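2 protein chains.
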Amino acid sequence: MTAPLRNAEAILHCAGCAGRNHGVCGSLSDRTLARVAQRARTISVAANDRLCEEDVSCHHIALVQSGMLRMQSHSLAGRRKITGLVVPGDSIGQIIRGTRDTAIEAVIDTRLCLFESANFAQLIEQEPELRRALCHQAENWTEKARRLSLLLGAYGPASRLRALLLLAPSIMPWKALPDGGGVLTMLLPRQDIADLIATTQETVSRSLHQFQKDGLIDILNARQFRLNDLEALSEGLEEILHQ
Amino acid sequence: MTAPLRNAEAILHCAGCAGRNHGVCGSLSDRTLARVAQRARTISVAANDRLCEEDVSCHHIALVQSGMLRMQSHSLAGRRKITGLVVPGDSIGQIIRGTRDTAIEAVIDTRLCLFESANFAQLIEQEPELRRALCHQAENWTEKARRLSLLLGAYGPASRLRALLLLAPSIMPWKALPDGGGVLTMLLPRQDIADLIATTQETVSRSLHQFQKDGLIDILNARQFRLNDLEALSEGLEEILHQ
DNA sequence: CGCATTGTTGATCTATGTCAAGGACCGTGG
DNA sequence: CCACGGTCCTTGACATAGATCAACAATGCG
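If you read the protein sequences in the order shown, they are chains A and B.
When we follow this note's numbering, the leftmost residue of the first sequence carries the number 257, and every step to the right adds one.
When we follow this note's numbering, the leftmost residue of the second sequence carries the number 257, and every step to the right adds one.
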């Protein structure tokens with residue numbers, strides 16, 4: 257009897273995965289997860305490497321184990337826009353896809369579960385659970401993209417930065433403190449922050465220091481912020497942040 | 257034998273529908289379409305009426321027959337942002353959903369096919385074709401939302417307006433002219449245009465008149481533009497427009 | 001210890017948002 | 001038919017947020 261063994265192996269494979277409890281993987285039962293894991297091959301992408309050139313997202317499907325990816329496009333004027341972040345548990349290749357004009361790059365070192373496209377398609381047919389998870393993810397992505405456009409359209413750069421700070425704890429290292437605040441480790445460099453919220457490095461830097469002056473945050477170092485007053489930070493942003 | 261008759265009725269029901277060849281409906285076979293149509297009830301929404309208050313999108317699913325809807329949110333600062341347009345063939349209630357902070361309103365008089373949610377869910381289970389069509393639509397919406405955020409983030413108001421003018425012919429009345437240009441009937445009033453591309457009425461107006469000065473368009477009247485030079489109009493926007 | 005990368009700060013300039021007024025258009029009712 | 005009010009659009013004057021350009025500081029790495 258090899259199947260139970262393979263199941264066990266598969267579950268072991270997922271045990272330490274940062275994506276195990278999020279997104280697609282998070283909504284799968286052990287049984288389904290085991291079937292999925294059996295077909296997976298793990299690959300790594302170093303920070304700032306591009307995924308498309310790895311041929312992923314062209315003929316493969318991938319699930320993010322750990323790390324973070326950015327989807328980005330360049331306008332002909334040379335301006336880069338990050339249109340979304342891909343985090344552990346997210347899938348790449350179905351809904352999220354690098355195309356001629358949308359590249360997917362690693363923000364930090366990232367590990368992926370890689371699947372042959374045909375192989376995965378088969379799985380989708382066989383596992384309604386997986387199908388539903390992917391559909392659900394599709395809805396999520398639409399919702400996220402819509403919120404980003406709302407954020408960009410309805411608020412100025414400083415408010416957009418506040419929104420980012422408030423959303424970051426759910427996708428970046430976050431150490432909650434007893435007083436309700438917490439320490440955020442910002443994985444994105446200033447330029448990425450700027451390209452995500454559609455502003456410039458300089459404005460990001462100035463706004464952060466303004467927040468510090470206002471007592472909203474403390475800049476512990478370039479990549480670590482202590483968020484002191486989540487309440488004040490979220491002023492006027494309710495409809496973006498909820499959920 | 258009643259089934260064939262009902263099929264025929266159903267197909268008749270769809271025959272004149274503007275959405276018949278687009279979006280969800282466009283990718284369904286006559287057989288599936290007939291099954292879907294059998295469960296539909298047609299309703300109308302007058303221009304500027306809100307769909308949620310009609311209880312649609314809460315306990316119903318709808319397919320757009322004709323007209324146009326806008327999805328919109330208000331920031332607390334009072335600024336409205338249109339996050340997407342819903343056109344014939346699109347579905348409402350699955351992916352696209354009015355929520356506490358996203359309202360769906362009619363831009364112009366609109367007709368919908370309305371379904372009981374439970375009823376429709378059943379259909380989805382039974383018809384893989386429909387399932388695929390809805391999934392495909394989900395991908396489309398994500399792609400559209402992503403493009404909107406790219407447009408908002410990477411380009412200024414004037415470029416965004418150019419992009420809108422170039423995309424409009426696919427969803428608004430358009431009369432192509434032999435010289436390659438054409439006459440566009442803009443269904444959106446200035447304020448809606450502004451809220452879609454995240455600028456102000458005034459800037460929209462000024463930009464349009466600037467385009468006229470530059471010979472790119474002629475403003476025949478407030479709602480009709482002759483687009484003279486699609487080439488020049490699309491300068492620098494390639495990655496937004498393709499497809 | 002250079003050197004490269006990343007982040008900060010200052011000075012300047014302009015696109016565009018805001019405010020305010022006026023014009024065009026349309027339907028209604030006298 | 002015209003006067004009226006309403007909605008939608010246009011135009012002008014003005015102020016300013018934030019982009020741009022440029023220099024410099026901090027950090028990390030070989």
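Glycine included, each C-beta is placed from N, C-alpha and C at the ideal position.
Keep in mind the model is a prediction, meaning the values are calculated, not measured.
| Item | Value |
| --- | --- |
| Could you tell me which of B:433, B:482, B:292 and B:429 sits nearest to residue 377 of chain B, measuring between CA atoms? | B:292 |
| Buried or exposed: where does residue 383 of chain B fall if 16 or more other Cβ atoms within 10 Å of its Cβ makes it buried? | buried |
| So if I threshold CB-CB distances at 9 Å, which residues from the region 289–320 of chain B count as touching chain A? | none |
| Under 9 Å Cβ-Cβ, which residues of chain B neighbour residue 335 of chain A? | 409, 410 and 411 |
| Buried or exposed for residue 434 of chain B, please, with buried defined as at least 16 other CB atoms from any protein chain shown within 10 angstroms of its CB. | exposed |
| With distances taken Cα to Cα, identify the nearest neighbour of residue 469 of chain A among A:362, A:485 and A:367. | A:485 |
| Is residue 316 of chain B helix, strand or coil when you go by DSSP? | strand |
| Inspect the CB distances between the region 313–325 of chain B and the region 347–360 of chain B and report whether three or more fall short of 8 Å. | yes |
| Let me check understanding here. Comparing Cα to Cα, which of B:409, B:453, B:412 and B:395 lies closest to residue 423 of chain B? | B:453 |
| Can you tell which of B:273, B:494 and B:296 has the C-alpha that lies nearest to the C-alpha of residue 373 of chain B? | B:296 |
| Roughly how many angstroms lie between the CA atoms of residue 343 of chain A and residue 267 of chain B, to the nearest whole one? | 45 Å |
| Of all the CB atoms in chain A, is at least one closer than 9 Å to the CB of residue 464 of chain B? | no |
| Ignoring anything shorter than 4 residues or poking outside the region 350–411 of chain A, list the alpha helix (DSSP H) runs there in chain order. | 373–382 and 384–410 |
| Could you compute how far the alpha carbon of residue 419 of chain B sits from the alpha carbon of residue 493 of chain B? | 7 Å |
| Check whether chain B comes within 9 Å of residue 378 of chain A, counting only Cβ atoms and requiring the distance to be less than that. | no |
| Should residue 356 of chain B be flagged as near chain A, meaning a C-beta pair shorter than 9 Å? | yes |
| Residues of chain B with CB under 8 Å from residue 492 of chain A, in chain order? | 331, 332 and 333 |
| In or out: residue 259 of chain A buried (at least 16 other Cβ within 10 Å) or exposed? | In this prediction, residue 259 of chain A has a pLDDT of 48, which is less than 50 and means its spatial position is unreliable; what the coordinates show is noted afterwards. Counting Cβ neighbours within 10 Å, residue 259 of chain A comes out exposed, since fewer than 16 surround it. |
| Contact criterion: CB-CB distance below 9 Å. Does residue 258 of chain B meet it with respect to chain A? | Unreliable placement is indicated for residue 258 of chain B, whose pLDDT of 43 sits below 50; the coordinate value is still reported in the next sentence. Answer no: the Cβ-Cβ gap between residue 258 of chain B and chain A never drops below 9 Å. |
| Can you tell me whether residue 487 of chain B is buried or exposed, with buried defined as 16 or more other CB within 10 angstroms of its CB? | exposed |
| Could you say which of B:345, B:337 and B:456 lies nearest to residue 410 of chain A if we only look at CA atoms? | B:337 |
| Which complete alpha helix (DSSP H) runs does the region 282–343 of chain A hold, if anything under 4 residues is left out? | 286–294 |
| For the alpha helix (DSSP H) containing residue 474 of chain A, list its first residue and its last residue. | Premise fails: residue 474 of chain A lies in the beta strand (DSSP E), 473–477, not in any alpha helix (DSSP H). |
| Does residue 286 of chain B pass the burial test, meaning 16 or more other C-beta atoms within 10 Å, or should it be called exposed? | exposed |
| Counting only beta-carbon separations shorter than 9 Å, does residue 426 of chain A have a partner in chain B? | no |
| Answer yes or no: do residue 368 of chain B and residue 379 of chain B have a C-beta to C-beta separation smaller than 9 Å? | no |
| Out of curiosity, what's the CA-to-CA distance linking residue 456 of chain A and residue 283 of chain A? | 37 Å |
| Express the C-alpha separation of residue 357 of chain B and residue 443 of chain B in angstroms, rounding to a whole number. | 24 Å |
| Are residue 238 of chain B and residue 324 of chain B closer than 9 Å when you measure CB to CB? | What is shown of chain B runs 257 to 499, which leaves residue 238 of chain B out entirely. |
| Just reading off the alpha helix (DSSP H) that residue 482 of chain B is part of, what are its end residues? | No alpha helix (DSSP H) contains residue 482 of chain B, which is instead part of the beta strand (DSSP E) from 480–483. |
| Counting C-beta neighbours from all protein chains within 10 Å, is the total for residue 257 of chain B 16 or more, i.e. buried, or is it exposed? | Because the pLDDT at residue 257 of chain B is just 44, under 50, the model does not fix this residue reliably, and the value given afterwards should be weighed accordingly. That one is exposed. |
| Can you check which of these residues, A:440, A:406 and A:278, is closest to residue 496 of chain A by C-alpha distance? | A:406 |
| Mind listing which residues of the region 388–399 of chain A have their C-beta closer than 7 Å to chain B's C-betas, in chain order? | 391, 394, 395, 397 and 398 |
| I want to verify the contact list: residues of chain B whose CB lies under 7 Å from the CB of residue 339 of chain A, in sequence order. | 402, 405 and 406 |
| Going by Cα to Cα distance, which pick from A:355, A:270, A:339 and A:415 is closest to residue 498 of chain B? | A:355 |
| Give the secondary structure of residue 490 of chain B by DSSP, where H, G and I count as helix, E and B as strand, and everything else as coil. | coil |
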